[in-house]
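S.K.: This structure is in structure tokens; I'll ask about it shortly.
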Amino acid sequence: MTMTVGIRELTRHTSRVIHQAADGETILVTEHDEPIAMLVPLPRTGNPAVDQLIREGKLTPASNPGGIAALLAITPTPASNDIDTTEVISEQREDRE
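For what it's worth, the UniProt record's numbering labels the leading residue of the sequence shown as 1, then goes sequentially.
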């Protein structure tokens with residue numbers, strides 16, 4: 001569902017409008033009755049680890065159809081200090097040859 005909010009109302013009630021977007025509402029922001037911006041809720045994939053990465057801005061969901069399905073196939077792993085980045089890159093390059 002899309003809700004239209006004027007920029008003046010958004011300025012006065014920013015917290016309320018943002019919480020509505022977080023709760024799943026799409027907010028169309030207008031200025032002089034012309035659309036200028038849109039607030040949309042972050043996608044929820046059903047995978048808490050992926051959702052957390054999206055909220056932290058560390059993962060951007062694909063915008064193509066089926067993008068969520070691809071996200072669900074990703075299993076984030078914590079970084080390990082045991083492995084040198086140079087070694088990982090070298091191994092990946094060897095796999096391509």
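Beta carbons are placed, not taken as given, at the ideal position from N, Cα and C, and that holds for glycine.
1) Sorted by chain position, which residues of the same chain lie with C-beta nearer than 7 Å to residue 24's C-beta, five sequence neighbours on each side aside?
2) Going straight from the alpha carbon of residue 83 to that of residue 48, what length do you get?
3) Distance, Cα to Cα, residue 5 vs residue 43?
4) Check residue 25 in the structure and name its three-state DSSP category.
5) Which word fits residue 60, buried or exposed, when buried means at least 16 other C-beta atoms lie within 10 angstroms of its C-beta?
M.R.: Judging by the given coordinates:
1) In the sequence shown, residue 24 corresponds to position 24, counting from 1. Around residue 24: 41.
2) One-based indexing of the sequence shown puts residue 83 at position 83. One-based indexing of the sequence shown puts residue 48 at position 48. Cα to Cα, residue 83 sits roughly 26 Å from residue 48.
3) Your numbering for residue 5 matches position 5 in the sequence shown. Your numbering for residue 43 matches position 43 in the sequence shown. Approximately 21 Å, taken between the alpha carbons.
4) Taking the first residue of the sequence shown as position 1, residue 25 is located at position 25. Here residue 25 sits in coil by DSSP.
5) Within the sequence shown, residue 60 is the residue found at index 60, counting from 1. Looking at its Cβ environment, which holds fewer than 16 other Cβ atoms inside 10 Å, residue 60 is exposed.
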